[in-house]
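Below is one structure, written out as structure tokens, with a few remarks after it.
2 protein chains.
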Amino acid sequence: MSFDLTILGSNSALPTSNRYPTAQVLTVPGRFFLIDCGEGTQMQLRKNRISLLKIDHILISHTHGDHIFGLIGLISSMVLLGRKKDLHIFSHSELQKFIQFQLDFLYQQEAPFRLVFHPLSFKSPQIIYQDKKVSITSFPLKHRIATCGFIFQEIVKLPKLKKEKLEEYKIPIRDRQKIKEGSDFVLSDGKIIPNSELVIPANKPCSYAFCSDTAYHEEIIDTIRGTDLLYHEATFAEEHKILAGETFHSTGKQAATIAQKAGVKKLILGHFSARYKTSSIILEEAREIFPETYAVEDGNVYKITGEE
Amino acid sequence: MSFDLTILGSNSALPTSNRYPTAQVLTVPGRFFLIDCGEGTQMQLRKNRISLLKIDHILISHTHGDHIFGLIGLISSMVLLGRKKDLHIFSHSELQKFIQFQLDFLYQQEAPFRLVFHPLSFKSPQIIYQDKKVSITSFPLKHRIATCGFIFQEIVKLPKLKKEKLEEYKIPIRDRQKIKEGSDFVLSDGKIIPNSELVIPANKPCSYAFCSDTAYHEEIIDTIRGTDLLYHEATFAEEHKILAGETFHSTGKQAATIAQKAGVKKLILGHFSARYKTSSIILEEAREIFPETYAVEDGNVYKITGEE
Chain V
205 MSFDLTILGS NSALPTSNRY PTAQVLTVPG RFFLIDCGEG TQMQLRKNRI SLLKIDHILI
265 SHTHGDHIFG LIGLISSMVL LGRKKDLHIF SHSELQKFIQ FQLDFLYQQE APFRLVFHPL
325 SFKSPQIIYQ DKKVSITSFP LKHRIATCGF IFQEIVKLPK LKKEKLEEYK IPIRDRQKIK
385 EGSDFVLSDG KIIPNSELVI PANKPCSYAF CSDTAYHEEI IDTIRGTDLL YHEATFAEEH
445 KILAGETFHS TGKQAATIAQ KAGVKKLILG HFSARYKTSS IILEEAREIF PETYAVEDGN
505 VYKITGEE
Chain L
205 MSFDLTILGS NSALPTSNRY PTAQVLTVPG RFFLIDCGEG TQMQLRKNRI SLLKIDHILI
265 SHTHGDHIFG LIGLISSMVL LGRKKDLHIF SHSELQKFIQ FQLDFLYQQE APFRLVFHPL
325 SFKSPQIIYQ DKKVSITSFP LKHRIATCGF IFQEIVKLPK LKKEKLEEYK IPIRDRQKIK
385 EGSDFVLSDG KIIPNSELVI PANKPCSYAF CSDTAYHEEI IDTIRGTDLL YHEATFAEEH
445 KILAGETFHS TGKQAATIAQ KAGVKKLILG HFSARYKTSS IILEEAREIF PETYAVEDGN
505 VYKITGEE
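For the protein sequence lines, the chains are V and L, in the order given. Residues 205 to 512 in our numbering are what the first sequence lists, from first letter to last. Residues 205 to 512 in our numbering are what the second sequence lists, from first letter to last.
What follows is the structure, encoded as structure tokens:
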């Protein structure tokens, strides 16, 4: 299995004409998770040909405007499109008031679908979602207001049994689950068939971690260790390192240090301040620490697999 | 003088990737009037190189989401950009609650500039703004909720006096204003110098009328009579005429009928339903009634002069 990540917005609070505020979609086969929802998200979804109605889960890192202003427009369009299914929103509990006030202002009656709010904890990592394919864990970041990152992890699959071996050794059904879980098989004459001969190993599970907005924060390292792809905000270049600290944002170099210490496979940077004409300074500084770093642009798509 | 109209968004409630919800900027030399403010307006302003901070007046036709969702993002960006000047918003009085709630949610302290709300009347045409160059009149439209159109009229200028005639006839200063206002001049020997010999006529004042959202509504005709440029919504094609009536919107043909009856010089159409792949059907139907009709696209700029 693989995840696909589509960048819908990559700028910080002040959007430009070609960099929208933060929003991303992580696609796990059959599931579309929207991560943050800055102004213009619904237009960016259309531009990237992702159906608004396929999104059933929205994760909001924090309630700063550039991460939430697109929600009311997206929800309103879902109403117009005739949505009936529940929409799940994982966020600070306060967000519900913000959205409900706007809905009450706009509509005389209840929305034709249910908004299910799931309040996040900002104290420690929590599994907030799990199905057969993926689990999502929220974890606290270090920002001016309560903020969470999210890590998406493919559910570990058991190896598959080799059909021809099942027949060759006449392995009874009652023993098969144990073999999937790693046991060897013992023949009636006492001969041991090693597990490795009986199974096709499962693909390595893939993982994606989203960290925005945050100051340099080493406490996240254990949670995101070994992640296939890490998105980390990099609002500032090193020349504005003090400003980064004061505003609880990171420089590219700080993001790269986190990536390096966590041993992730690949780092992507975004949430750039509108003061920089290009992201190249931030990217170059980050690559000095962690070469496998890239600067995202709106519309970029990243395929995430668990392979090296 | 001339007005410049920039179309920032031209779709109806469901935006597409290339047609944003309603927003326009009318530029009168030295003044930028934002008309409606759908989601993404601030990005469209940047794309069209119009400084956010130059906008001092925002006119909101009505409080449906596709005309107001861009306000909070625009105001937040003005805060970030260090705005100090008052920002004037002309709208239904209820809009103030909608905006103030969001500001209170987002900011711990007062905004660094004043939002001055000017409630509109939805009963009859009212002059809502006037300065040396332009006057703006709101007038009721016919929609599901209280909605206003706006007409911008250049202030009529007096003709200029011909310098050489002032000298030739030794016209005293005390008589000059009357001549500007149309009087002839009488010489000491009783000879009458006709006004037309003494003045250079002023350019014809220009005008722009904005009508969105509205059902076919003949009561607006007197207010917009003879306008140089009329923007009228045309959400639907004739095949959806019944739906247009039910939702209090117009077809292209109905917009054209209003234009023709009001004797405007040029008609532009917008607020197209997302159900049509192109605006061509709506445009063709409108041109059968009023040939001087055009369909707007995001980014279009129209120069409005009072000349034929």
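Heads up, the beta-carbon is just placed ideally off N, CA and C, and yes, glycines get one too. Here the structure is a predicted model, which is why all the values come from computation and not from measurement.
Which residue wins for smallest C-alpha separation from residue i, given the options the options?
i	options	result
A466(L)	Y420(L), H322(L), V232(L)	Y420(L)
R348(V)	C241(L), Y311(L), V320(L)	Y311(L)
H475(V)	V232(V), R491(V), P495(V), Q228(V)	Q228(V)
E450(L)	A459(L), K457(L), F440(L)	F440(L)
T210(L)	L218(L), K382(L), T220(L), D240(L)	D240(L)
I424(L)	M247(L), A217(L), P329(L), I279(L)	P329(L)
V320(L)	S297(L), F354(L), H436(L), I355(L)	S297(L)
P405(V)	A448(V), E368(V), V360(V), C415(V)	V360(V)
R479(L)	S206(L), Q458(L), T220(L)	T220(L)
P233(V)	I303(V), E511(V), M205(V)	M205(V)
F494(V)	H271(V), V505(V), Q464(V)	Q464(V)
S295(L)	K289(L), F343(L), E511(L), L402(L)	F343(L)
A217(L)	G353(L), H322(L), D426(L), D417(L)	D417(L)
C410(V)	S265(V), E511(V), I486(V)	E511(V)
L473(L)	T341(L), Y498(L), D290(L)	Y498(L)
F207(V)	R235(V), G213(V), N215(V)	R235(V)
K288(L)	A315(L), G277(L), L263(L), K481(L)	A315(L)
Out of curiosity, what's the CA-to-CA distance linking residue i and residue j?
i	j	result
N222(V)	D502(V)	7 Å
T509(L)	K336(L)	17 Å
G399(L)	E368(L)	The question names Gly, but residue 399(L) is Asn in the sequence shown. N399(L) and E368(L): Cα-Cα distance of roughly 14 Å.
L284(L)	K346(V)	21 Å
P225(L)	S325(V)	36 Å
L434(L)	F237(V)	43 Å
A490(V)	Q334(L)	54 Å
Y373(V)	K408(V)	28 Å
F273(L)	T267(L)	9 Å
I396(V)	L402(V)	11 Å
Q357(V)	G242(V)	24 Å
S339(V)	V505(V)	21 Å
F317(V)	L275(V)	15 Å
K301(L)	S280(V)	19 Å
K469(L)	D393(L)	47 Å
H271(L)	A413(V)	36 Å
H453(V)	H436(V)	10 Å
G286(V)	L370(V)	50 Å
G244(V)	I377(V)	54 Å
Q306(L)	L299(L)	11 Å
H292(L)	L278(L)	13 Å
Which class does residue i belong to by DSSP, given the choice of helix, strand or coil?
i	result
I259(V)	strand
T455(L)	strand
K364(V)	strand
G274(V)	coil
S400(L)	helix
A499(V)	strand
A227(V)	strand
G474(L)	strand
F414(V)	strand
L164(V)	Not covered by the structure: residue 164(V). The range shown for chain V is 205 to 512.
R235(V)	strand
T427(V)	helix
I332(V)	strand
I254(L)	coil
I269(L)	This sequence places Gly at residue 269(L); Ile is not what is there. Three-state DSSP puts G269(L) in a helix.
E437(V)	strand
V283(V)	helix
D379(L)	helix
H444(L)	helix
Contacting positions in the stretch 225-245 of chain L - beta carbon closer than 7 Å to chain V: So the list reads E243, G244, given in the order they occur along the chain.
Where the stretch 342-364 of chain L meets chain V: residues whose CB sits under 8 Å from a CB there: From the stretch 342-364 of chain L, no residue has a Cβ closer than 8 Å to chain V.
Selection of the stretch 272-293 of chain L by Cβ proximity to chain V, strictly under 8 Å: For chain V, the residues of the stretch 272-293 of chain L that bring a beta carbon within less than 8 Å of one of its beta carbons are F273, G274, I276, G277, S280, S281, L284, L285, in chain order.
The stretch 428-444 of chain L / the stretch 376-396 of chain L touching (three or more Cβ pairs under 8 Å): No, the stretch 428-444 of chain L is not in contact with the stretch 376-396 of chain L.
The stretch 300-314 of chain V touching the stretch 383-402 of chain V, judged by at least three CB pairs closer than 8 Å: With fewer than three CB-CB distances shorter than 8 Å, the stretch 300-314 of chain V does not count as touching the stretch 383-402 of chain V.
At least 3 beta-carbon pairs within less than 8 Å: the stretch 254-262 of chain L vs the stretch 241-250 of chain V: no
Contact list for the stretch 209-224 of chain L against chain V, Cβ threshold 7 Å: Contact annotation: in the stretch 209-224 of chain L, residues whose CB is within less than 7 Å of a CB in chain V are A217, L218, P219, T220, S221, Y224.
Short-range partners of chain V found in the stretch 261-272 of chain L, where Cβ spacing is below 7 Å: Answer set for the stretch 261-272 of chain L: G269.
Contact set between the stretch 291-311 of chain L and chain V, restricted to residues whose Cβ is under 8 Å from the partner: E298, K301, F302, F305, Q306, F309, L310
Residues of the stretch 249-260 of chain V whose Cβ lies closer than 7 Å to any Cβ of chain L, in chain order: Within the stretch 249-260 of chain V, contact with chain L at the beta-carbon level (separation under 7 Å) is assigned to R250, K251.
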